[in-house]
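Engineer: Sequence lines, in order, name chains A, B, C and D.
Per our numbering, the very first residue in the first sequence carries number 7; after that it's consecutive.
Per our numbering, the very first residue in the second sequence carries number 7; after that it's consecutive.
Per our numbering, the very first residue in the third sequence carries number 7; after that it's consecutive.
Per our numbering, the very first residue in the fourth sequence carries number 7; after that it's consecutive.
Just dropping this structure here.
4 protein chains.
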Amino acid sequence: MRVGFIGLGRMGAGMAANLLAAGHELIVYNRTPGKAASLSARGAQVASTIAEACRGDVVITMVANDDALSGIAFGGGGLIAHCRPECTHVSMSTISIELSARLTAAHVAAQQQFVAAPVFGRPDAAAAAKLFIVAAGTRAAVDRCEPLFSNLGQRTFYLGAEPAAANLVKLSGNFLIASVIESLAEALALIGKAGIDQRAYLELLTSTLFNAPVYRNYGALIVEQQYEPAGFAAALGLKDIRLALAAGDALRVPLPLASLLRDRFLALLAQGGEALDWSAIARLAASDAGQGRAGSQ
Amino acid sequence: MRVGFIGLGRMGAGMAANLLAAGHELIVYNRTPGKAASLSARGAQVASTIAEACRGDVVITMVANDDALSGIAFGGGGLIAHCRPECTHVSMSTISIELSARLTAAHVAAQQQFVAAPVFGRPDAAAAAKLFIVAAGTRAAVDRCEPLFSNLGQRTFYLGAEPAAANLVKLSGNFLIASVIESLAEALALIGKAGIDQRAYLELLTSTLFNAPVYRNYGALIVEQQYEPAGFAAALGLKDIRLALAAGDALRVPLPLASLLRDRFLALLAQGGEALDWSAIARLAASDAGQGRAGSQ
Amino acid sequence: MRVGFIGLGRMGAGMAANLLAAGHELIVYNRTPGKAASLSARGAQVASTIAEACRGDVVITMVANDDALSGIAFGGGGLIAHCRPECTHVSMSTISIELSARLTAAHVAAQQQFVAAPVFGRPDAAAAAKLFIVAAGTRAAVDRCEPLFSNLGQRTFYLGAEPAAANLVKLSGNFLIASVIESLAEALALIGKAGIDQRAYLELLTSTLFNAPVYRNYGALIVEQQYEPAGFAAALGLKDIRLALAAGDALRVPLPLASLLRDRFLALLAQGGEALDWSAIARLAASDAGQGRAGSQ
Amino acid sequence: MRVGFIGLGRMGAGMAANLLAAGHELIVYNRTPGKAASLSARGAQVASTIAEACRGDVVITMVANDDALSGIAFGGGGLIAHCRPECTHVSMSTISIELSARLTAAHVAAQQQFVAAPVFGRPDAAAAAKLFIVAAGTRAAVDRCEPLFSNLGQRTFYLGAEPAAANLVKLSGNFLIASVIESLAEALALIGKAGIDQRAYLELLTSTLFNAPVYRNYGALIVEQQYEPAGFAAALGLKDIRLALAAGDALRVPLPLASLLRDRFLALLAQGGEALDWSAIARLAASDAGQGRAGSQ
C-alpha cells in the first residue's frame with residue numbers, strides 16, 4: 007500500500023520503520039527534516055511538504071498534540087486540502103475528542119475517510135510492533151487500514167463508527183495508568199516512612215494482587231527514583247489528563263481522581279519536572295511526607 | 007500442632023477447615039456458638055470460652071475489627087491473661103497499626119509471642135487455601151507458624167520483626183485495591199456517558215495493560231452493577247481506609263487519594279450502602295455524572 | 007460622553023440605565039433586539055448592528071462568556087473592525103485571561119485602547135450602581151473611563167497596565183466566593199445531620215467571625231434551599247471556575263480547592279441544575295450525607 | 007462564685023485573670039505549677055491537686071486536647087471522682103464530640119452537671135474578655151454559668167441541652183476558618199505568580215466582598231509570611247480538622263474540603279511546621295506553584 011506518514015518522533019520513527027520493513031511504499035514527512043534520513047536510506051521517499059505526503063492511499067499522522075495535528079490538517083497547505091477524495095487519514099496521536107470531532111466533520115465535508123487509531127505502548131513497543139491499537143471510524147475505512155495495523159501492533163480493538171470514541175478510550179487509559187502511579191506513590195510513601203523496605207514491598211504486590219506490567223514497571227521507576235530519561239514526559243502526562251478532564255467537562259462527568267492528578271502534574275511542572283518521566287509525580291507524595299525534595303534529583 | 011482458632015466468620019470458617027483437614031488439633035471459639043457446628047462434626051473441639059481456646063500452642067485470631075480483637079485479647083477473660091508463656095498469638099485480622107503495637111507490647115510483657123499475619127484474598131480464596139499471607143514478628147515465632155501458613159495460603163511474605171509492619175502492608179494493599187475501584191469507576195462513568203460499550207471497554211483494558219485479576223474482577227462487578235452479595239462489605243472498606251489514613255496521620259504522610267476514597271465510602275454508607283460490596287462506591291462516580299442513582303439498586 | 011453599550015442582559019440592562027440616567031449619550035446593541043425597548047423609551051439610541059454601536063468614544067461590552075465576546079469583537083462585522091482608532095473598548099464581562107490577552111493584542115494592532123473592567127456584584131447591585139469595578143489597561147485609557155465607572159459602581163480598583171490582570175482578579179474572586187459556598191455547605195451538612203438548628207448556627211457564625219454579606223447571603227440561600235431564581239446561574243459558576251483553573255494551568259499553579267469546586271459544579275449540572283443559583287452546589291454536600299436529593303427541589 | 011479553674015495555658019491564663027478581676031473566688035490548678043504564680047499574687051488559691059480544684063461550685067477546664075482532658079476528668083484522682091454532686095463542670099476546651107458524650111454520661115452517672123462551652127477567639131481575645139462562647143448543657147446548668155461567661159466573653163450562644171452540639175459547632179467553626187486560609191492561599195499563589203501585587207489584591211478583597219476580620223487577619227499573615235509566633239499552632243489546627251473529620255465519620259457526612267485541609271496540615275507538619283501558625287499551610291499552595299519552599303522561612 008502507498009502510505010503517507012507524518013510525524014517521525016520517538017513513536018512515529020519506529021512505526022514508520024515497521025511499515026517500510028513490511029513492504030509498504032512509504033512517503034514520510036517530518037517538520038524537522040533530519041529525522042527522515044535513516045528511513046530514506048531504507049527506501050522511504052521523503053516529502054518536503056505535507057502535500058507530497060498526501061499522495062498516499064492512507065496518510066498516517068503521529069504527532070505530539072492537538073496544536074501539531076491542527077497545523078498539519080487544516081489550512082491551505084494542509085492534509086485536508088491536499089488529500090484526494092477517498093483517501094483515508096489515520097490519526098494515531100493522542101488528541102482531544104473535540105479535535106477528533108472537528109477532523110471527522112472536515113474529512114466528511116471533503117469526501118475523505120477519517121480513522122482515529124491511538125495506541126497504547128511506549129517507544130520500545132512501537133519499535134517492536136507490539137502496540138495495542140484502538141481504532142474507530144467507518145467499518146470500511148478501518149478494514150482498509152487493517153494490514154497496516156497488523157504491521158504496527160499486536161492487536162487492534164474496533165470501537166465503532168465514531169472516531170472520537172477511540173480518542174476517549176485512549177485518554178481514559180492514560181488516566182488509569184496515572185492513577186496507578188499516584189496510588190503506588192502514596193502507598194510507597196507510607197511504607198517507606200514506616201521503615202519498610204520498598205523493594206520487598208513492591209515484590210510482594212506484584213507477585214500477588216498486582217501482577218501486571220503497569221505495576222511492575224512504574225513501581226520500579228518510583229522505588230528507584232529513575233525518572234530520566236523519560237519514557238513518557240510529564241508535560242505529555244499533564245496534556246492527557248487535561249484532555250480527559252475536558253472530555254469529562256463536555257460530557258458532564260466529574261472525575262475527582264483526574265483532578266487530583268492534574269494538580270500533581272502542575273506541581274511537578276511548576277517545580278521544573280517538565281522533561282522527567284510522568285511517574286515523577288510520585289516525588290510529590292514523598293516530599294509532602296517530608297521525604298526528599300520534589301524539585302531535586 | 008495444637009491450634010486455638012478464634013473467629014469463625016466468612017474468612018475464618020474456611021481457614022479453620024483447612025487447618026483441620028491438614029491434621030492439626032483444633033480448638034475453635036466463636037462469639038456466636040452456632041458457627042462451630044460443622045467444624046465440630048469434622049473433629050474440632052469447641053471452646054465455650056476464650057480461655058479454653060488459649061490451650062493451643064498457637065492461637066489464631068481472625069475477627070472483624072479492632073474492637074473485636076481488643077475485646078478478645080485484653081481483660082480478665084482475655085487471650086493475654088490466659089495464654090501460657092511461649093504461646094504464640096497469630097493475629098490474621100486487618101487491624102490498626104496502633105492496636106498491633108499495643109498487642110506487641112502486651113504480649114512481650116506476658117512473655118508470649120505475637121505474630122501479625124493479615125491476609126489478601128476473599129472468602130473463596132480462604133476456603134481454597136489460596137490466601138497470600140503477610141507475616142511479621144520475631145523470626146522464630148513466624149517460623150513456628152510456617153506449617154500453619156502453608157496450609158492456609160499459597161505464599162507467605164516475611165516483613166520483619168515488627169508486627170505492625172505487616173498490618174500496614176495489609177492496609178496499604180486494601181488502599182491500592184480501592185484505588186483501582188475508584189479509577190475504574192470514573193473511567194467507566196466517562197466511557198458509559200459517551201455511549202461506548204462498557205463491556206467491550208473493560209475487555210480491551212484487561213486484555214492489554216490491565217491484565218490482572220483485580221481489574222477483571224472489580225471491573226466486572228462495576229459494569230454489571232453486581233454489588234450483592236458482598237464479597238467484602240463497604241463498611242469494612244471504610245474501616246480499612248480509615249485505618250490507612252490513621253497510619254498516615256501517625257506517620258505524617260498525606261494520602262489525598264485515600265482521603266477521596268474515605269469520602270466515597272462515607273457517602274455510600276450515608277445512602278444506605280453499608281452491606282453492599284465495597285466496589286459499590288462506583289455508583290457514586292456514576293450518579294455524580296447523572297447516570298443512575300447512588301442509593302438505589 | 008458618547009458610549010456604545012453592547013449586551014443588555016440582567017447585568018448590562020441595569021448598567022446601561024445608570025449611564026443614561028447620568029446623562030451620557032448611549033447607543034445600545036443587543037443580539038436579541040427586544041431588550042433595548044425600555045432604554046430606547048428613556049432616550050437611548052438603538053443600534054441594529056455592532057458597527058453602529060462602535061460610534062461611541064467608548065464601547066462597553068457586557069456579555070455572558072468568551073464565545074459571545076469573541077463573536078462581537080473579531081471578524082468583519084466586529085468591534086475591532088469598526089471602532090475608530092483611539093476608541094476605547096471596555097470589556098466588563100468575566101472572561102478568560104487568554105481572551106483578554108488576545109483582545110489586548112488585537113486592539114493594539116488596530117491602534118485602539120482596551121480596558122478590562124470586570125465587576126463584582128449581582129444584578130441588584132448593577133441596578134443600584136453599587137458594583138465594585140476592577141480595571142486594568144493603560145492609565146490614560148482607564149482615566150478616560152473613570153466618569154463612567156463612577157456612574158456604574160461604588161468603587162474602582164486600578165490593577166495596572168495589563169488588562170488580563172483585572173480578569174484574573176475577577177476569576178479569583180469568584181473562586182473565593184464559591185469556596186465560601188462549599189465550606190458552608192459542608193459545615194451545614196454536618197451540623198444539620200447532628201440535629202443542630204441550621205438557622206441558629208448561621209446566625210451564630212455571621213454575628214461572630216463570619217460577619218460578612220457573602221456568608222450571610224449564601225448561608226441563607228443554603229439553609230432555605232432557595233436556589234431559584236438564580237442570582238448567578240450554576241452554569242456560569244462552572245464557567246468561571248473552569249477559567250480560573252485554565253489560568254492556573256497556564257501559570258502552573260495547582261488549585262486543589264478549585265478542582266473540588268469544578269467537580270461539584272459538573273455534578274450539579276449533570277443532575278439538571280444548570281439554571282439554579284450556583285449556591286445549589288450545597289445540595290451535593292447534603293445529598294452525599296444522605297440528606298435530601300441533589301437533583302430534586 | 008467559687009470557681010475551680012484547671013489549665014493555665016495561653017488561653018486559660020487570661021480567662022482565669024478575668025474571673026479573678028470580676029471578684030470570683032478562684033482555685034487554680036495547672037499541671038506545671040509555675041504558671042499559677044501571677045494569679046496567686048492577685049489572690050487566687052493555688053491547688054496542688056485536681057481534687058482541690060474540685061471544691062468550686064463550678065469547675066472550668068481549659069486544656070489542649072482530648073488526652074489532657076481525659077487525664078483530668080477520669081480516674082481515681084480525677085475531676086469526676088472528686089466533684090460534689092450538683093457541681094458543674096464547664097469544659098471550654100476544643101475536644102471531640104466523642105469525648106464530650108463520654109463526659110456527659112459520666113457526669114450524669116455521678117449526679118454532676120456538665121456544660122460544654124468552647125470558645126472562639128485567640129489569646130488576645132481571651133485576655134480582653136472578648137471571646138465568643140458556644141455553650142450547651144441543661145438550661146439550668148448553663149444559666150448558673152452565665153455570670154462567668156459574661157466575665158469571659160462578649161457574647162454567649164446557647165446550643166441546647168446536648169453538650170456535644172457545642173463541641174461540634176466549635177469544630178465546624180475552625181474548619182470554616184481553615185477553609186478561608188486555604189482559599190486565600192490558592193488565590194494568592196495564583197495572583198502572585200501572575201505578577202499582581204498581593205497586598206493591593208488583599209486590600210481589594212477585604213474592602214469589598216470579604217470585609218471581615220478573618221480575611222483581613224489571615225490574608226495579612228499569608229501575604230507577609232508571618233507564621234511565627236503562632237497565634238494558633240499548626241499542630242492544633244490538624245487536631246481540630248481531625249476531630250471535625252471524626253465527627254463527619256461518626257455521622258456519615260463526607261467533608262472533602264476538610265480532607266484537603268487535613269492533607270495540607272499533615273504535609274506542613276511532615277516538613278517541620280508543627281509550631282508555626284496554622285495559616286502556614288498557605289506555604290504549600292505557594293510551593294506547589296514553584297514559589298518559595300514549604301519547609302523554609
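Even for Gly, the Cβ is constructed at its ideal location relative to N, Cα and C.
1. Applying the 10 Å Cβ sphere with the 16-neighbour rule, what's the burial state of residue 15 (chain D)?
2. Starting from residue 230 (chain D) and walking both ways along the beta strand (DSSP E), at which residues does that stretch end?
3. Report the three-state DSSP secondary structure of residue 250 (chain D) (helix, strand or coil).
4. Excluding the 5 residues preceding and the 5 following residue 230 (chain A) in the sequence, name in chain order all residues of the same chain whose CB lies nearer than 6 Å to its CB.
5. Are three or more beta carbon pairs between the segment 168-178 of chain B and the segment 201-210 of chain B nearer than 8 Å?
6. Quick one: is residue 296 (chain B) near chain C, going by C-beta distance under 9 Å?
7. Quick one: does residue 269 (chain B) have its CB under 9 Å from some CB of chain D?
8. Just the C-alpha distance for residue 1 (chain C) and residue 60 (chain C), rounded to the nearest angstrom, thanks.
9. Could you tell me whether the Cβ of residue 300 (chain C) comes closer than 9 Å to any Cβ of chain A?
10. Compare the C-alpha of residue 98 (chain B) against each of B:174, B:227, B:134 and B:124 and name the closest.
11. From residue 260 (chain C) to residue 248 (chain C), what does the alpha carbon distance come to, in whole angstroms?
12. What does DSSP give as the partner residues of residue 126 (chain C) in its beta bridges?
13. When the Cα of residue 191 (chain A) is compared with those of A:156, A:78, A:216 and A:227, which residue comes out closest?
14. Residues of the segment 152-167 of chain B with a CB closer than 8 Å to any CB of chain A: list them in chain order, please.
15. What residues in its chain sit with their C-beta under 6 Å from that of residue 117 (chain C), if we drop five residues either side in the sequence?
16. Between C:67, C:36 and C:130, which lies nearest to residue 238 (chain C) when the distance is taken from Cα to Cα?
17. Looking at residue 181 (chain C) and residue 250 (chain C), is the spacing between their C-beta atoms short of 9 Å?
18. Quick one, which of B:71, B:72, B:50 and B:240 has its alpha-carbon nearest residue 62 (chain B)'s?
19. Give the straight-line distance between the Cα atoms of residue 300 (chain A) and residue 271 (chain A), rounded to the nearest whole angstrom.
20. What number of angstroms, rounded off, separates the C-alpha of residue 302 (chain D) from the C-alpha of residue 41 (chain A)?
21. Note down, in chain order, every chain D residue with its Cβ under 8 Å from the Cβ of residue 244 (chain C).
22. Could you give the distance in angstroms between the alpha-carbon of residue 236 (chain C) and the alpha-carbon of residue 206 (chain D)?
23. Check whether the Cβ of residue 261 (chain A) lies closer than 9 Å to any Cβ atom in chain C.
24. Looking only at C-alpha atoms, which of B:30, B:79, B:27 and B:47 sits nearest to residue 12 (chain B)?
25. Give the range of the alpha helix (DSSP H) segment to which residue 186 (chain C) is assigned.
26. In angstroms with no decimal places, state the Cα-to-Cα distance between residue 132 (chain B) and residue 71 (chain B).
27. If you follow the beta strand (DSSP E) that residue 11 (chain B) is part of, which residue opens it and which one closes it?
28. My guess is that residue 68 (chain A) and residue 21 (chain A) are in contact by the Cβ rule of under 8 Å, so how many angstroms apart are they, rounded?
29. What does the Cβ neighbour count give for residue 234 (chain B), buried or exposed, with the cut at 16 atoms within 10 Å?
30. Could you tell me which chain B residues have their CB closer than 8 Å to the CB of residue 202 (chain A), listed as they occur along the chain?
31. Can you name the residues that DSSP bridges to residue 121 (chain C)?
32. To the nearest angstrom, how far is it from the Cα of residue 104 (chain D) to the Cα of residue 197 (chain C)?
33. Give the interface partners of residue 281 (chain B) over in chain C, defined as CB-CB distance under 9 Å, in chain order.
34. For residue 48 (chain B), is the classification buried or exposed, using 16 other Cβ atoms within 10 angstroms of its Cβ as the cut-off for buried?
35. Is the Cβ-Cβ distance between residue 142 (chain C) and residue 158 (chain C) less than 9 Å?
36. Along chain D, in chain order, which residues have C-beta atoms closer than 9 Å to that of residue 266 (chain C)?
Structural biologist: This is what the structure holds:
1. By one-based count along the fourth sequence, residue 15 (chain D) stands at place 9. Residue 15 (chain D) is buried by the Cβ-count criterion.
2. Counting from 1 along the fourth sequence, the entry for residue 230 (chain D) is found at position 224. Run containing residue 230 (chain D): none in the beta strand (DSSP E); it sits in the alpha helix (DSSP H), 219-230.
3. Reading the fourth sequence from its first residue, position 244 is the one you call residue 250 (chain D). Residue 250 (chain D) falls in the helix class under three-state DSSP.
4. Position 224 of the first sequence, counting from 1, holds the residue named residue 230 (chain A). If we look at residue 230 (chain A) and ignore the five residues flanking it on each side, it has no Cβ neighbours.
5. no
6. Within the second sequence, residue 296 (chain B) is the residue found at index 290, counting from 1. True, the Cβ-Cβ gap to chain C drops below 9 Å.
7. Working through the second sequence from its first residue, we reach residue 269 (chain B) at position 263. Closer than 9 Å: yes.
8. In the structure as shown, chain C begins at 7 and stops at 303. Residue 1 (chain C) is therefore absent and cannot be evaluated.
9. Here residue 300 (chain C) refers to the residue found at position 294 when the third sequence is read from its first residue. Residue placement at residue 300 (chain C) is flagged as unreliable, the pLDDT there being 44, under the threshold of 50; a coordinate-derived value is accordingly withheld.
10. Here residue 98 (chain B) refers to the residue found at position 92 of the second sequence. Per the C-alpha coordinates, the member of B:174, B:227, B:134 and B:124 positioned closest to residue 98 (chain B) is B:124.
11. Looking up residue 260 (chain C) in the third sequence gives position 254. Looking up residue 248 (chain C) in the third sequence gives position 242. So the two alpha carbons sit approximately 13 Å from each other.
12. Working through the third sequence from its first residue, we reach residue 126 (chain C) at position 120. DSSP lists C:138 as partners of residue 126 (chain C).
13. As a first step, residue 191 (chain A) is located in the first sequence; it is residue number 185 there, counting from the start. Ranking the options by Cα distance to residue 191 (chain A), first place goes to A:227.
14. 161, 163, 165 and 166
15. Stepping through the third sequence from its first residue, residue 117 (chain C) is reached at position 111. Contacts found: 91.
16. Mapped onto the third sequence, residue 238 (chain C) falls at position 232. Cα-wise, what sits closest to residue 238 (chain C) is C:130.
17. Within the third sequence, residue 250 (chain C) is the residue found at index 244, counting from 1. Within the third sequence, residue 181 (chain C) is the residue found at index 175, counting from 1. Yes; because the gap between Cβ atoms is below 9 Å, this pair is in contact.
18. As a first step, residue 62 (chain B) must be located in the second sequence, where it is residue number 56. The residue with the shortest Cα to Cα distance from residue 62 (chain B) is B:50.
19. Against the first sequence, residue 300 (chain A) aligns to sequence position 294. Against the first sequence, residue 271 (chain A) aligns to sequence position 265. Legend: pLDDT at residue 300 (chain A) = 44, less than 50; position of this residue unreliable, no value from coordinates given.
20. Indexing the fourth sequence from 1 puts residue 302 (chain D) at position 296. Indexing the first sequence from 1 puts residue 41 (chain A) at position 35. Unreliable positioning characterises residue 302 (chain D) in this predicted model, as indicated by a pLDDT of 38, which lies under 50. A coordinate reading is not provided.
21. Here residue 244 (chain C) refers to the residue found at position 238 when the third sequence is read from its first residue. Those do not exist, as residue 244 (chain C) stays about 17 Å from chain D at its closest Cβ, beyond 8 Å.
22. For the purposes of this step, residue 236 (chain C) is identified with residue 230 of the third sequence, where counting begins at 1. For the purposes of this step, residue 206 (chain D) is identified with residue 200 of the fourth sequence, where counting begins at 1. Inter-residue distance for residue 236 (chain C) and residue 206 (chain D) is about 31 Å (C-alpha atoms, whole angstroms).
23. Residue 261 (chain A) sits at position 255 when you count from the first residue of the first sequence. It does: the Cβ of residue 261 (chain A) has a partner Cβ on chain C nearer than 9 Å.
24. For this step, residue 12 (chain B) is matched to residue 6 along the second sequence. Comparing Cα-Cα distances from residue 12 (chain B) to each of B:30, B:79, B:27 and B:47, the minimum goes to B:79.
25. Walking along the third sequence from the start, residue 186 (chain C) turns up at place 180. Per DSSP, residue 186 (chain C) belongs to the alpha helix (DSSP H) from 169-199.
26. Sequence index remark: in the second sequence, residue 132 (chain B) carries index 126 (1-based). Sequence index remark: in the second sequence, residue 71 (chain B) carries index 65 (1-based). When rounded, the separation of the alpha-carbon atoms in residue 132 (chain B) and residue 71 (chain B) is 18 Å.
27. Residue 11 (chain B) sits at position 5 when you count from the first residue of the second sequence. Where residue 11 (chain B) is concerned, the enclosing beta strand (DSSP E) stretches over 8-12.
28. Your numbering for residue 68 (chain A) matches position 62 in the first sequence. Your numbering for residue 21 (chain A) matches position 15 in the first sequence. About 6 Å; that satisfies the 8 Å criterion.
29. Locating residue 234 (chain B) in the second sequence gives position 228, where the first residue counts as 1. Under this definition residue 234 (chain B) is an exposed residue.
30. Along the first sequence, one-based indexing puts residue 202 (chain A) at 196. Going along chain B in sequence order, the residues near residue 202 (chain A) (Cβ under 8 Å) are 165, 166, 171, 174 and 175.
31. Along the third sequence, read from residue 1 onward, the residue named residue 121 (chain C) stands at position 115. DSSP, once it has assigned bridges, lists C:96 as partnering residue 121 (chain C).
32. Walking along the fourth sequence from the start, residue 104 (chain D) turns up at place 98. Walking along the third sequence from the start, residue 197 (chain C) turns up at place 191. Answer to the nearest angstrom: the Cα atoms are 15 Å apart.
33. To locate residue 281 (chain B), count along the second sequence from 1; it is residue 275. Those do not exist, as residue 281 (chain B) stays about 15 Å from chain C at its closest Cβ, beyond 9 Å.
34. Counting from one through the second sequence, the residue named residue 48 (chain B) turns up at place 42. Exposed, by the Cβ-count rule.
35. Mapped onto the third sequence, residue 142 (chain C) falls at position 136. Mapped onto the third sequence, residue 158 (chain C) falls at position 152. Not a contact, by the Cβ cut-off of 9 Å.
36. Here residue 266 (chain C) is taken as the residue at index 260 of the third sequence, counted from 1. Ordered by position in chain D, the residues that pass the 9 Å Cβ test against residue 266 (chain C) are 262, 263 and 266.
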